[in-house]
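Trainee: If you count the sequence shown from 1, position 643 lands on 644 in our numbering, and the numbers rise without skipping. The beta carbon of each residue, even a glycine, is placed where N, CA and C say it ideally should be. One structure is given below, represented as structure tokens, and several questions about it will come after.
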Amino acid sequence: MNRIDRLLAEMTLEEKIGQLSMLAAGFSVTGPVLGGDTTGDVRTGRAGSLLNVYGPEATRRIQRVAVEESRLAIPLLLGFDAVHGHRTVFPLPIGEAAAFDPDLWEETARASAAQAAADGVKLTFAPMIDIARDPRWGRIAESPGEDPLLASLFGEAKIRGFQGEDLHEAGSVAATAKHFVAYGAANAGRDYASTDLSERTLRETYLPPFVAAVDAGVAAVMPAFSDLAGVPLTADERLIGGWLRGEAGFEGVVISDYNAVAELVVHGVAADPAEAAALALRAGVDIDMMSHCYRDGLPEALDRGLVSLPEIERSVRRVLALKERLGLFETPHAADRPQPGTPSPDALRELAREAAVRSIVLLEHRGDVLPLDARPQRIAMVGPLADARAEMLGCWSGAGDSASAVSFFEGLALARPDCDIRLSPGVGIRDGDESGIAAALDLCAGSDVVLLCLGESRDMSGEAASRSDLDLPGIQRRFAEAVLALGKPMIVLLSAGRPLCVPWLAERADALLMTWFLGHEAGNAVADILTGRRSPTGRLPVSWPRTVGQVPLFYAERPTGRPASAEHYTSKYIDGPTAPLYPFGHGLTYGRFRLGAVVAEPADAREGDMLTVTIELTNEGPLAGEETVFLFVRKPVSRVSRARLEMKGFGKLALASGETGRLTLVLPVEALRFLDAALRPAIEHGAYELLVGPSADRARLVSYWIEVGAA
Ligand code: GLC
2 MNRIDRLLAE
12 MTLEEKIGQL
22 SMLAAGFSVT
32 GPVLGGDTTG
42 DVRTGRAGSL
52 LNVYGPEATR
62 RIQRVAVEES
72 RLAIPLLLGF
82 DAVHGHRTVF
92 PLPIGEAAAF
102 DPDLWEETAR
112 ASAAQAAADG
122 VKLTFAPMID
132 IARDPRWGRI
142 AESPGEDPLL
152 ASLFGEAKIR
162 GFQGEDLHEA
172 GSVAATAKHF
182 VAYGAANAGR
192 DYASTDLSER
202 TLRETYLPPF
212 VAAVDAGVAA
222 VMPAFSDLAG
232 VPLTADERLI
242 GGWLRGEAGF
252 EGVVISDYNA
262 VAELVVHGVA
272 ADPAEAAALA
282 LRAGVDIDMM
292 SHCYRDGLPE
302 ALDRGLVSLP
312 EIERSVRRVL
322 ALKERLGLFE
332 TPHAADRPQP
342 GTPSPDALRE
352 LAREAAVRSI
362 VLLEHRGDVL
372 PLDARPQRIA
382 MVGPLADARA
392 EMLGCWSGAG
402 DSASAVSFFE
412 GLALARPDCD
422 IRLSPGVGIR
432 DGDESGIAAA
442 LDLCAGSDVV
452 LLCLGESRDM
462 SGEAASRSDL
472 DLPGIQRRFA
482 EAVLALGKPM
492 IVLLSAGRPL
502 CVPWLAERAD
512 ALLMTWFLGH
522 EAGNAVADIL
532 TGRRSPTGRL
542 PVSWPRTVGQ
552 VPLFYAERPT
562 GRPASAEHYT
572 SKYIDGPTAP
582 LYPFGHGLTY
592 GRFRLGAVVA
602 EPADAREGDM
612 LTVTIELTNE
622 GPLAGEETVF
632 LFVRKPVSRV
642 SRARLEMKGF
652 GKLALASGET
662 GRLTLVLPVE
672 ALRFLDAALR
682 PAIEHGAYEL
692 LVGPSADRAR
702 LVSYWIEVGA
712 A
């Protein structure tokens, strides 16, 4: 009899349900229900996993209760949100996605896993792979952006990094793909709000990242808080039991979101906790995070015939199997395991700096104002984010301590000790206090160049942080316009967890950099870019709206019968531009790249072929740079109206000033598969347009036509 069978034979009903109950240890709960007395629950076997406990001493103490004081000595599963780092914090996911670099994403996840495991954590609630097309939604900050391919590549890389080759490894943690599914399509951009999608949009846009996550072997999946077309994901048997476990073949553990099982009563689909517990368990949710519904409601649900004992035991098996895969029975104290190859603290800071440099997106650059002049000069650093260590980590900063973050002011002062760099915030992030404006303006007036550091506070994005207005908060705009009026060379650093609607700033800044929230090494990374030690390479993972009225906004829209144009009767706004302020993929470098010849072979392709797309690039600028080139596909005639652009790949090429090079992208014809009118995957034959260029701006794409025929 194997361990799981033996344990199941010995376990009482209460102990079985205990393995399905995850409690918050009260360290820093992330939801509306406060953590209770967890030690007692662990000792009696009423809690099989905890979240928000980390640190060698704390985890060793509570794990000892489980393996030495409980009746069956089943080790605890300890979970924590290492969403963009653990103790060393990397850029927000929306920022790191801008690197368009799966190797980097995997490396930062691996580093996060090693730090989390050293803290006794063996499960992380990451990667978040929700498609986000509405910047009003605060959790766009945690997402990899608007595109299914990008989100799929991001999720795969993160899962490889977190889980390593084998979950048994000391430096590995179980990853959780979340939030299943379409959470980012929340009505009106409000967090937790209902979602309503066609089956086509669900399968073409929101499910693909979860297919990739399952194929990458993700150990756990977390359903979203929201309902999809009236069915709360936590109780959605069709999508969890049917699609996730059936069609996608997921065999791991489904963990509810925080208190989400109890909230089935609030959704109005369950009359009481017992019904809520039964709905969730039968849908396929194995672990109830912090709602107590499983613990308090499943026994009653069993008595009322709402669930069966085999259904309970099915989930217990999955949870025990995950604990076995993690090696917890043999080595319950993960923090005590030697971790060969764990990066040193200095190496971690270097990685954080590298990730931050690669996440910065240069949105505007006029008059070659960057890199900063190498000669000593007087630099004014103004705005509420100029010296804001505490903000740099962003939301979901895990075990990160903001005291060791580097602010923009600190980073630049370190990099350019020859310059006279002075600081005057001027205004706060959200308040209306004008008392500092005069001093800040005086400082700017006496300076050679102004660094204007604006944006949101870290808590204005992330969970429960939706905004109905996407301009700068507080009186920052009024302050910025006063600074701009001085006519000094103006470099704007924008910090936020989302695109902000600042066309008035974009058209007047000499340089505008999106720094998201870059993590511990924010200041050093920004200084690297400003001084020219590094060239900006980041590209937008989301379309950037001019006004909040444009959202939801994304490049992969269908053409409609009347695409936006100067003609009156077309799909446009009469009171402003229809196009985004910046398109998906936008990002400037210090080079000036001209796209040359684009050739795709074979031009007459067959199913099963591999298309090779060769792209010529020349750097006509005075400085070296690295360009990112995107490959889109368009099927002009199909059985269904298809997105006018679909990203199928991207590549990078670094070129010195004056250098010409070639980039080759490979695209299997299989990647052209789409869902036909009956939602069946199919490859349509006929003409396809391949479009290559620096972003989803149609006007800047070079096209090449191919034919696809039967094999
Ligand atoms: C939160 C979030 C989820 C997170 C969980 C545990 O409410 O929705 O993403 O993993 O609780 O902290």
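Using the three-state DSSP reduction, which class does Ile241 fall into: helix, strand or coil?
Mentor: Counted from its first residue, the sequence shown places residue 241 at position 240. Three-state DSSP puts Ile241 in a helix.
Trainee: Comparing the CB of Asp82 with every heavy atom of the ligand GLC, is any distance shorter than 7 angstroms?
Mentor: Along the sequence shown, read from residue 1 onward, the residue named residue 82 stands at position 81. Yes, since a heavy atom of the ligand GLC falls inside the 7 angstroms radius drawn around the Cβ of Asp82.
Trainee: Going by beta-carbon coordinates alone, are Val43 and Ala67 separated by less than 8 angstroms?
Mentor: Position 42 of the sequence shown holds residue 43. Position 66 of the sequence shown holds residue 67. Yes, the pair counts as a contact, with Cβ atoms nearer than the cut-off.
Trainee: The beta strand (DSSP E) that contains Tyr295, what's its start and end?
Mentor: Against the sequence shown, residue 295 aligns to sequence position 294. Element bounds for Tyr295: not the beta strand (DSSP E) but the alpha helix (DSSP H), 294-304.
Trainee: Secondary structure at Asp6, three-state DSSP: helix, strand or coil?
Mentor: Reading the sequence shown from its first residue, position 5 is the one you call residue 6. If DSSP states are grouped into helix, strand and coil, Asp6 belongs with the helices.
Trainee: Can you grab the Cα-Cα spacing for the pair Gly562 / Arg283, in whole Å?
Mentor: Taking the sequence shown and counting its residues from 1, one reaches residue 562 at position 561. Taking the sequence shown and counting its residues from 1, one reaches residue 283 at position 282. Near 44 angstroms, if we compare the C-alpha coordinates of Arg283 and Gly562.
Trainee: Give me the Cβ distance between Pro500 and Ile430, rounded to the nearest whole Å; I'm assuming they're in contact under 8 angstroms.
Mentor: The count along the sequence shown starts at 1 and reaches residue 500 at position 499. The count along the sequence shown starts at 1 and reaches residue 430 at position 429. No, Pro500 and Ile430 are not in contact; Cβ-Cβ is about 17 angstroms, not under 8 angstroms.
Trainee: So, helix, strand or coil for Ala178, using DSSP?
Mentor: Here the question's residue 178 lines up with position 177 in the sequence shown. Strand, per DSSP.
Trainee: Let's test the definition: count the other Cβ atoms within 10 Å of the Cβ of Asn525 and tell me whether it reaches 16, buried, or not, exposed.
Mentor: Along the sequence shown, read from residue 1 onward, the residue named residue 525 stands at position 524. Its Cβ being crowded by 16 or more others within 10 Å, Asn525 is buried.
Trainee: State buried or exposed for His686, treating a residue as buried only when at least 16 other CB atoms are found within 10 Å of its CB.
Mentor: Looking up residue 686 in the sequence shown gives position 685. Its Cβ having fewer than 16 others within 10 Å, His686 is exposed.
Trainee: Which residues bound the alpha helix (DSSP H) around Ala279?
Mentor: Residue mapping note: residue 279 aligns to position 278 of the sequence shown, counting from 1. Here the alpha helix (DSSP H) through Ala279 covers 274-284.
Trainee: When the distance is taken between beta carbons, is Leu364 closer than 8 angstroms to Leu513?
Mentor: The count along the sequence shown starts at 1 and reaches residue 513 at position 512. The count along the sequence shown starts at 1 and reaches residue 364 at position 363. Yes, the pair counts as a contact, with Cβ atoms nearer than the cut-off.
Trainee: Going by DSSP in three states, Pro224 sits in which element: helix, strand or coil?
Mentor: The sequence position of residue 224 within the sequence shown is 223, counting from 1. Residue state, collapsed to three classes: strand.
Trainee: Does DSSP classify Asn620 as helix, strand or coil?
Mentor: Reading the sequence shown from its first residue, position 619 is the one you call residue 620. In this structure, Asn620 counts as strand in the three-state DSSP scheme.
Trainee: On the DSSP letters alone, give me the boundaries of the alpha helix (DSSP H) that Pro311 sits inside.
Mentor: As a position in the sequence shown, residue 311 is number 310, starting the count at 1. 310-326 is the span of the alpha helix (DSSP H), which, as asked, contains Pro311.
Trainee: Would you say Leu52 touches the ligand HEM, meaning its beta carbon is less than 7 angstroms from a heavy atom?
Mentor: Among the ligands in the structure shown, the ligand HEM does not appear; only the ligand GLC can be found there.
Trainee: Taking Cβ positions, are Glu107 and Arg161 nearer each other than 8 angstroms?
Mentor: Start at 1 with the first residue of the sequence shown, and residue 107 comes out as number 106. Start at 1 with the first residue of the sequence shown, and residue 161 comes out as number 160. Yes.
Trainee: For Glu264, verify whether its CB is less than 7 angstroms away from any heavy atom of the ligand GLC.
Mentor: The count along the sequence shown starts at 1 and reaches residue 264 at position 263. Glu264 Cβ: outside cutoff for every heavy atom of the ligand GLC.
Trainee: I want to check one thing, is the minimum distance from the CB of Glu628 to the heavy atoms of the ligand GLC below 7 angstroms?
Mentor: Start at 1 with the first residue of the sequence shown, and residue 628 comes out as number 627. Flag unset: Cβ of Glu628 not near the ligand GLC.
Trainee: Can you look up Arg701 in the DSSP assignment and give me helix, strand or coil?
Mentor: Here residue 701 is taken as the residue at index 700 of the sequence shown, counted from 1. If DSSP states are grouped into helix, strand and coil, Arg701 belongs with the helices.
Trainee: Can you list, in chain order, the stretches of the alpha helix (DSSP H) that have 4 or more residues and sit fully within the stretch 54-116?
Mentor: If we require 4 residues or more, the alpha helix (DSSP H) runs fully inside the stretch 54-116 come out as 57-65, 94-97.
Trainee: Report yes if the CB atom of Ile438 is closer than 8 angstroms to the CB atom of Ala400, and no otherwise.
Mentor: For the purposes of this step, residue 438 is identified with residue 437 of the sequence shown, where counting begins at 1. For the purposes of this step, residue 400 is identified with residue 399 of the sequence shown, where counting begins at 1. Cβ distance not < 8 angstroms, so Ile438 and Ala400 don't count as in contact.
Trainee: Would you call Met129 buried or exposed, if buried means 16 or more other Cβ atoms sit within 10 Å of its Cβ?
Mentor: The residue given as residue 129 occupies position 128 in the sequence shown. It counts as buried.
Trainee: Lys179 to Val255, Cα distance in whole Å?
Mentor: For the purposes of this step, residue 179 is taken as residue 178 along the sequence shown, with counting starting at 1. For the purposes of this step, residue 255 is taken as residue 254 along the sequence shown, with counting starting at 1. If you take the alpha carbons of Lys179 and Val255, they lie about 10 angstroms apart.
Trainee: Is there at least one Cβ from chain C nearer than 8 angstroms to Pro581's Cβ?
Mentor: The structure shown contains no chain C; it is built from a single protein chain.
Trainee: Straight-line CA distance for Glu264 to Thr332?
Mentor: The residue labelled residue 264 in the question sits at position 263 within the sequence shown. The residue labelled residue 332 in the question sits at position 331 within the sequence shown. Their backbone Cα atoms lie some 35 angstroms apart in a straight line.
Trainee: So does His686 have its beta carbon nearer than 7 angstroms to some heavy atom of the ligand GLC?
Mentor: Numbered from 1 along the sequence shown, position 685 holds the residue referred to as residue 686. No.
Trainee: Could you give the residue range of the alpha helix (DSSP H) that holds Pro1?
Mentor: Within the shown structure, residues of the chain are numbered from 2 to 712, placing residue 1 beyond reach of any answer.
Trainee: Find the nearest neighbour of Ile476 within the set His87, Leu198, Glu435, Cys420, judged by alpha-carbon distance.
Mentor: Counting from one through the sequence shown, the residue named residue 476 turns up at place 475. Closest option to Ile476, Cα to Cα, is Glu435.
Trainee: Can Lys179 be considered in contact with the ligand GLC, in the sense that its beta carbon sits closer than 7 angstroms to one or more heavy atoms?
Mentor: As a position in the sequence shown, residue 179 is number 178, starting the count at 1. Yes, since a heavy atom of the ligand GLC falls inside the 7 angstroms radius drawn around the Cβ of Lys179.
Trainee: Since I believe Asp131 is in contact with Ser144 (beta carbons under 8 angstroms), could you give me their beta-carbon distance rounded to a whole number of angstroms?
Mentor: One-based indexing of the sequence shown puts residue 144 at position 143. One-based indexing of the sequence shown puts residue 131 at position 130. Contact flag correct, Cβ pair sits at about 5 angstroms.
Trainee: Using DSSP bridges, identify the partner residues of Arg663.
Mentor: Stepping through the sequence shown from its first residue, residue 663 is reached at position 662. Answer is Glu617.
Trainee: Would you say the beta carbon of Phe594 is closer than 7 angstroms to some non-hydrogen atom of the ligand GLC?
Mentor: For the purposes of this step, residue 594 is identified with residue 593 of the sequence shown, where counting begins at 1. It does not: the Cβ of Phe594 is nowhere closer than 7 angstroms to a heavy atom of the ligand GLC.
Trainee: Can you tell which of Val54, Pro210, Ser425 has the C-alpha that lies nearest to the C-alpha of Ala446?
Mentor: Locating residue 446 in the sequence shown gives position 445, counting from the first residue. Ranking the options by Cα distance to Ala446, first place goes to Ser425.
Trainee: Do Gly395 and Ala83 have their C-beta atoms within less than 8 angstroms of each other?
Mentor: One-based indexing of the sequence shown puts residue 395 at position 394. One-based indexing of the sequence shown puts residue 83 at position 82. No.
Trainee: Spell out the partners DSSP gives Met291 in its beta bridges.
Mentor: As a position in the sequence shown, residue 291 is number 290, starting the count at 1. In DSSP, Met291 forms no bridge with anything.
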